[in-house]
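Below: the structure, in structure tokens.
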Amino acid sequence: MSIRWKCISSLSTKARSSHCASISNKGTLLIYSGEFQPRKPVDGDVHVFDLNSAIQQSVADDAGLWRTLSASLKPDPRVGATSVFEGGNLYVWGGRGGIDMAPMDPKQSGVWKGQLLQNEVIWEKLEGKGDEPVARSFHSCVMANGKLYIHAGCPASGRLSTLHSYDLQSSQWSPCADGPDPARGGTAIASVKIPPSSSDEEVIIRFGGFAGHQLPTSTPPSVDIYTPSTNSWATVVPSGDPQQGYPGARSVHGLVPLSTPDGTGVALLYHGESEASSLGHAGAGEFWNDAWALVWREGALRWKKLIPEGDSAPEGRGWIPSTSYIVPGGNTRVVLSGGLLSSNERSGEVWIGDVQL
């Protein structure tokens with residue numbers, strides 16, 4: 001298996017890390033907030049990029065494919081928030097900001113719904129009923145079986161392992177079973193269907209994170225799986241790539257569902273931080289520049305390292321959101337936007353990565 005990368009945009013005005021990114025059902029990339037300098041949130045506009053048109057053009061012509069959607073009422077700019085696109089709307093939750101860079105206050109920390117129009121976005125703060133999760137940043141978020149899930153992250157102090165679901169129809173929050181220890185920030189989760197299951201239920205898989213050290217610490221590395229119907233977690237150890245072994249421990253990385261025409265794809269893991277900076281959030285650590293497919297073959301989960309094809313590939317980075325979409329033919333296309341580089345600079349690039357069997 002291989003992955004072919006292509007840079008389709010590179011603008012300094014879009015450079016950021018720890019930002020939100022989602023992809024609409026029309027093939028547009030939606031970027032919200034993040035940071036260009038450590039602990040200083042950038043603007044709170046929504047930046048819209050036409051992926052389908054960009055693929056057909058050169059990077060030199062990319063500026064005209066961006067639009068900026070402003071709003072009179074909008075969430076405060078923030079760092080380490082998450083977003084999903086569902087039912088034609090953008091949903092944002094969590095993050096930290098303000099002068100002291102604390103988790104967002106109750107007025108700002110709930111679910112924000114953004115209705116996207118041609119030249120503006122109309123934001124609405126949604127009601128939250130029930131046991132709402134504590135404010136935090138650098139958590140993870142997915143849609144699964146019609147519900148929004150918020151997991152782990154960093155509150156005012158310490159780290160969390162909690163999992164909550166939010167029903168977009170009823171505005172009801174529900175606590176779920178905590179994820180396996182240790183509590184962590186910077187983990188990544190993805191909503192997937194594991195091929196042998198006859199059910200249409202989506203499960204949530206988790207890999208990595210930071211708990212004072214990069215995760216997982218087990219050798220070989222483990223993957224955690226949450227099943228909503230049983231409200232339970234299981235830990236599994238996929239087999240390694242016969243030639244390349246296993247993915248290394250990491251945090252603030254990408255993890256997306258992997259769709260392949262043969263039906264064996266489960267998830268795609270890419271990039272992320274391998275060693276934290278001695279300067280903490282003010283510095284840049286060391287980063288992976290790899291990509292791994294988690295597949296179901298011969299009755300078991302297996303890792304397969306993706307070999308880069310083509311003339312270029314993105315340099316290692318972390319503090320990135322996880323984004324992808326399905327292209328005609330049934331393959332996953334991952335979209336890598338921004339991120340923190342080992343030079344301690346924020347990237348303004350947008351890369352697409354196509355997986356080849």
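Taking the UniProt record's numbering as reference, the numbering of the sequence shown is continuous, increasing by one, and the terminal residue is 357. Glycine residues also receive a C-beta, built at the ideal position from the N, C-alpha and C atoms. Predicted model only: the values in this text are computed from it and were never measured.
Rounded to the nearest whole angstrom, the CA to CA distance from SER157 to GLY94 is 15 Å.
Distance from TRP173 to LYS107 at the Cβ level is roughly 17 Å; contact not present, criterion being Cβ atoms closer than 8 Å. When Cβ pairs closer than 8 Å are counted between the two stretches, the region 229–237 is seen not to touch the region 249–261, the count staying below three.
Take HIS139, set aside five residues on each side of it, and the residues of its chain with a beta-carbon closer than 7 Å to its own are THR82, GLY94, ILE150, HIS151, ALA152 and GLY153, in chain order. In the DSSP annotation of this structure, the continuous segment of the alpha helix (DSSP H) that includes LYS107 starts and ends at 106–109. DSSP links ALA21 through a beta bridge to ILE31. Check the Cα spacing between ARG67 and each of HIS47, ALA60 and ILE55: the tightest is with HIS47. Under the criterion of beta carbons closer than 8 Å, ALA249 and PRO221 qualify as touching, at roughly 7 Å. ARG206 sits close to ASP224, with the two beta carbons spaced by under 8 Å. Straight across, the Cα-Cα distance linking VAL266 with ARG302 is about 10 Å. By the neighbour-count definition (other C-beta atoms within 10 Å, threshold 16), THR332 is a buried residue. Residue pairing by DSSP places ALA144 opposite LYS147 in a beta bridge. DSSP places VAL134 in the coil class of the three-state scheme, outside both helix and strand. In the DSSP assignment, ILE320 falls outside any beta strand (DSSP E), carrying neither H nor E. Taking C-beta separations shorter than 6 Å and ignoring five residues to either side along the sequence, the partners of THR323 in its chain run ALA21, ILE23 and VAL335, following chain order. When DSSP states are grouped into helix, strand and coil, ALA190 belongs to the strand group.
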